Amino acid sequence: MDMQTIYDLDLQGLEAWLKEHGEKTYRAKQIYSWLYRKRVLGFDEMTDLPASLIAVLKETFVIMPVTLVEKQVARDKTAKYLFELSDGSTIETVLMHFNFGKSVCVSSQVGCNMGCTFCASGLLKKQRDLTGGEMVGEIMYIQKELDAEGSRVDNIVIMGTGEPFDNYDNVMLFCRTVNSDHGLAIGARHITISTCGIVPRINDFADEHLQYNLAISLHAPSDELRDRLMPVNHAYPIPVLMNALKRYSEGNHRRLTFEYILLKGVNDSDGHAVQLADLIRGMNAYVNLIPYNQVDENGYGSTDERTALRFYDVLMKHGVKATLRSKHGDDIDAACGQLRARHERNRNDS
Ligand code: SF4
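Using the working numbering, you'd call the opening residue of the sequence shown number 387 and step up by one each time.
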């Protein structure tokens, strides 16, 4: 059987595990420090632990749960990592360099069942959820690389392959670990969870009053269009989604982000921008307009820069704040799931 990664245990879980094994619970913070401050990859390096404890840790856990299969680096330094997990599954993680710091976009599932029609990840059905520790591994692998140049992961977005709210408990464990002062100590406000709109989990999240950012993949301003682009809309149509979001935003005093991928001739007209503004105006929210990285299989095209700027202007004129994200890594397989989709195709062909 595959060995579990120790990253699967949050601090509390590690304390419980130590207690169960007749060890002192204060060892949890020592182990955490070795894992997340000194970032060692072998239990033998944990020199302040008794040899007997090191032996049990080695019998029970591995540390790093991912191995690198392929890495592509774009001209703008965006790096895309294809990782293999212990069961042979592959996932993608992306490192982006912004002027406000380094952001890592992590995957939360192997494949995705949400079936958004513009998404390369949706082409490969969900095989399984990632464990919290596997997600931590995505960050730790990249942090280890950044250590060599003396820099760190500043922001995390859970926006890669998978729907985080379809894997709620593991995603929350991941967030706790990277956010913990004893873990990577990445501030909650630097961690963004992006959902396509699973309303019951948005309500759970609202009730937990956590400080992580919430982003909603909206991508269409009407049910008629969103039904076509995102099957999840049949289950949770826009009015139901907006009610849940208002409840979250008002109860938590947090600003929401609406993600909106601009698809040429599909959702990028002035009329769409006005509809979108009408939906969001008055909320504590802004719209993040994202250029589409074309995925050959889906037949969508990317909106040209002039149309994107006009869309942005219409939103601003109608009282909605927006940002227009620049394209990242469009000279590599940068669309979400694209590198993995190609890898899986090659694997099946061979
Ligand atoms: S956009 Fe996100 S939720 Fe939709 S299919 Fe792709 S990975 Fe899944």
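Backbone N, C-alpha and C fix where the C-beta goes; we use that ideal spot for every residue, glycine too. Computed from a predicted model, the values in this text were never measured in an experiment.
For this session: Can you tell me which of the three DSSP states H704 falls into?
Result: Counted from its first residue, the sequence shown places residue 704 at position 318. Of the three classes helix, strand and coil, the one that applies to H704 here is coil, per DSSP.
Exercise. Just how far apart, CA to CA, sit S472 and D394?
Worked result: Locating residue 472 in the sequence shown gives position 86, counting from the first residue. Locating residue 394 in the sequence shown gives position 8, counting from the first residue. A straight line joining the alpha-carbon of S472 with that of D394 spans about 14 Å.
Problem set entry | DSSP state of S580 mapped onto helix, strand, coil | In the sequence shown, the residue the question calls residue 580 occupies position 194. If DSSP states are grouped into helix, strand and coil, S580 belongs with the strands.
Exercise. Does the ligand SF4 have a heavy atom nearer than 6 Å to the CB of M432?
Worked result: In the sequence shown, the residue the question calls residue 432 occupies position 46. Here the distance from the Cβ of M432 to the nearest heavy atom of the ligand SF4 is not below 6 Å.
Exercise. How would you label H605, buried or exposed, when you count the other beta carbons within 10 angstroms and need 16 or more for buried?
Worked result: Indexing the sequence shown from 1 puts residue 605 at position 219. By the neighbour-count rule (16 or more Cβ atoms within 10 Å), H605 is buried.
For this session: Just list the beta strand (DSSP E) runs in the stretch 476-537, keeping only unbroken ones of 3 residues or longer that don't cross its boundaries, in chain order.
Result: The stretch 476-537 contains, as complete beta strand (DSSP E) runs of 3+ residues, the segments 476-484, 487-491 (chain order).
Exercise. Three or more beta-carbon pairs under 8 Å between the stretch 410-422 and the stretch 491-503, yes or no?
Worked result: The answer is no - the stretch 491-503 does not touch the stretch 410-422, with fewer than three Cβ pairs under 8 Å.
Exercise. Is M500 near the ligand SF4, going by C-beta to nearest heavy atom under 6 Å?
Worked result: By one-based count along the sequence shown, residue 500 stands at place 114. Yes; taking the cut-off as 6 Å, the Cβ of M500 has a heavy atom of the ligand SF4 nearer than that.
For this session: Starting from the C-beta of D515, find all residues in its chain whose C-beta is less than 7 Å away, skip the five residues before and the five after it, and write them out in chain order.
Result: The residue labelled residue 515 in the question sits at position 129 within the sequence shown. Contacts found: Q495, N553, N556.
For this session: Below 6 Å CB to CB, which residues in the same chain sit around E524 once its five sequence neighbours on both sides are set aside?
Result: Start at 1 with the first residue of the sequence shown, and residue 524 comes out as number 138. Excluding sequence neighbours, E524 sits near T479, V492.
Exercise. Which residues in the same chain as H595 place their Cβ atom closer than 8 Å to its Cβ, once the five residues preceding and following it in sequence are excluded?
Worked result: As a first step, residue 595 is located in the sequence shown; it is residue number 209 there, counting from the start. So the list reads G637, N638, once near-sequence residues are dropped.
For this session: Using only the heavy atoms of the ligand SF4, determine whether one of them is closer than 6 Å to the beta carbon of E524.
Result: As a first step, residue 524 is located in the sequence shown; it is residue number 138 there, counting from the start. No, the Cβ of E524 stays beyond 6 Å of every heavy atom of the ligand SF4.
Problem set entry | Between the CA atoms of E535 and D462 - distance to the nearest angstrom | Taking the first residue of the sequence shown as 1, we reach residue 462 at position 76. Taking the first residue of the sequence shown as 1, we reach residue 535 at position 149. CA-CA distance, D462 to E535, rounds to 17 Å.
Exercise. By DSSP, does P451 sit in helix, in strand, or in coil?
Worked result: Sequence index remark: in the sequence shown, residue 451 carries index 65 (1-based). In the three-state scheme derived from DSSP, where H, G and I count as helix and E and B as strand, P451 is classed as coil.
Exercise. Counting Cβ pairs, one atom from each stretch, are 3 or more of them under 8 Å apart for the stretch 631-650 and the stretch 663-681?
Worked result: Touching, yes, given that three or more Cβ pairs across the two stretches are closer than 8 Å.
Problem set entry | When N619, L615, H568 are compared against G583, the one with the closest alpha-carbon | Stepping through the sequence shown from its first residue, residue 583 is reached at position 197. For G583, the nearest C-alpha among the options comes from N619.
Exercise. Sorry if obvious, but does the Cβ on S688 come closer than 6 Å to a heavy atom of the ligand SF4?
Worked result: Here the question's residue 688 lines up with position 302 in the sequence shown. No, the beta carbon of S688 sits no closer than 6 Å to any heavy atom of the ligand SF4.
For this session: Check each candidate in L665, T643, Y678 and name the one with the smallest Cα separation from D654.
Result: Numbered from 1 along the sequence shown, position 268 holds the residue referred to as residue 654. For D654, the nearest C-alpha among the options comes from Y678.
For this session: Please look up how many angstroms separate the CB atoms of L648 and A694, rounded, as I've assumed it's under 8 Å.
Result: By 1-based counting over the sequence shown, the position of residue 648 is 262. By 1-based counting over the sequence shown, the position of residue 694 is 308. Correct: roughly 5 Å between the Cβ atoms.
For this session: Please report the Cβ distance between T464 and G497, rounded to the nearest whole angstrom; I am assuming they are in contact, meaning their Cβ atoms lie under 8 Å.
Result: Mapped onto the sequence shown, residue 464 falls at position 78. Mapped onto the sequence shown, residue 497 falls at position 111. 23 Å between Cβ atoms; not a contact.
Problem set entry | 4-residue-minimum alpha helix (DSSP H) runs that sit fully inside the stretch 575-647, ordered along the chain | 585-594, 609-615, 618-621, 624-638, all fully within the stretch 575-647.
Exercise. Can you round the beta-carbon distance between I577 and L642 to whole angstroms, since I take them to be within the 8 Å contact cut?
Worked result: The residue you call residue 577 lines up with position 191 of the sequence shown. The residue you call residue 642 lines up with position 256 of the sequence shown. Not confirmed; about 15 Å, so no contact.
For this session: For the alpha helix (DSSP H) containing Y554, list its first residue and its last residue.
Result: Counting from 1 along the sequence shown, the entry for residue 554 is found at position 168. Here the alpha helix (DSSP H) through Y554 covers 554-565.
Exercise. Going by other Cβ atoms of all chains shown within 10 Å of its Cβ, with 16 needed for buried, is H407 buried or exposed?
Worked result: Residue numbering aside, residue 407 sits at position 21 when the sequence shown is read from its first letter. Exposed, by the Cβ-count rule.
Exercise. How about N565 and S489: are their beta carbons less than 7 Å apart?
Worked result: For the purposes of this step, residue 565 is taken as the residue at position 179 of the sequence shown. For the purposes of this step, residue 489 is taken as the residue at position 103 of the sequence shown. No Cβ-Cβ contact shorter than 7 Å links N565 with S489.
Exercise. Quick one: what does DSSP say T709 is sitting in, helix, strand or coil?
Worked result: Indexing the sequence shown from 1 puts residue 709 at position 323. In the structure shown, T709 adopts extended strand secondary structure according to DSSP, grouped into three states.
For this session: Could you check how far apart the C-beta atoms of V522 and F560 are, in whole angstroms? I think they sit under 8 Å.
Result: Position 136 of the sequence shown, counting from 1, holds the residue named residue 522. Position 174 of the sequence shown, counting from 1, holds the residue named residue 560. Sure, about 6 Å apart at Cβ, within 8 Å.
Exercise. Anyone know if the C-beta pair for R667 and V706 falls short of 7 Å?
Worked result: Locating residue 667 in the sequence shown gives position 281, counting from the first residue. Locating residue 706 in the sequence shown gives position 320, counting from the first residue. Closer than 7 Å, so yes.
For this session: Tell me whether T547 counts as near the ligand SF4, meaning its Cβ is closer than 6 Å to at least one heavy atom of that ligand.
Result: Along the sequence shown, read from residue 1 onward, the residue named residue 547 stands at position 161. Result yes, Cβ under 6 Å from the ligand SF4.
For this session: State yes or no: is the C-beta of S712 nearer than 6 Å to some heavy atom of the ligand SF4?
Result: Start at 1 with the first residue of the sequence shown, and residue 712 comes out as number 326. For S712, the Cβ stays outside the 6 Å cut-off from all heavy atoms of the ligand SF4.
For this session: Would you kindly report the start and end of the unbroken beta strand (DSSP E) that includes Y673?
Result: Numbered from its first residue, the sequence shown carries residue 673 at position 287. Checking the displayed sequence, the identity of residue 673 turns out to be Val instead of Tyr. Run containing V673: 671-677, per the beta strand (DSSP E) assignment.
For this session: Tell me whether P436 is buried or exposed, calling it buried when 16 or more other Cβ atoms sit within 10 Å of its Cβ.
Result: Mapped onto the sequence shown, residue 436 falls at position 50. P436 should be labelled exposed.
For this session: Return the first residue and the last residue of the alpha helix (DSSP H) that K444 is part of.
Result: Translated into positions along the sequence shown, residue 444 becomes position 58. Where K444 is concerned, the enclosing alpha helix (DSSP H) starts and stops at 437-446.
For this session: Would you list the one or two residues that DSSP bridges to Q458?
Result: In the sequence shown, the residue the question calls residue 458 occupies position 72. Answer is K466.
Exercise. Quick one: what's N541 bridged to in DSSP?
Worked result: Locating residue 541 in the sequence shown gives position 155, counting from the first residue. According to DSSP, which records beta bridges pairwise, N541 is partnered with S489.
Exercise. What first and last residue would you give for the alpha helix (DSSP H) that runs through I666?
Worked result: Position 280 of the sequence shown, counted from the first residue, corresponds to residue 666. Per DSSP, I666 is one residue of the alpha helix (DSSP H) stretching across 656-666.
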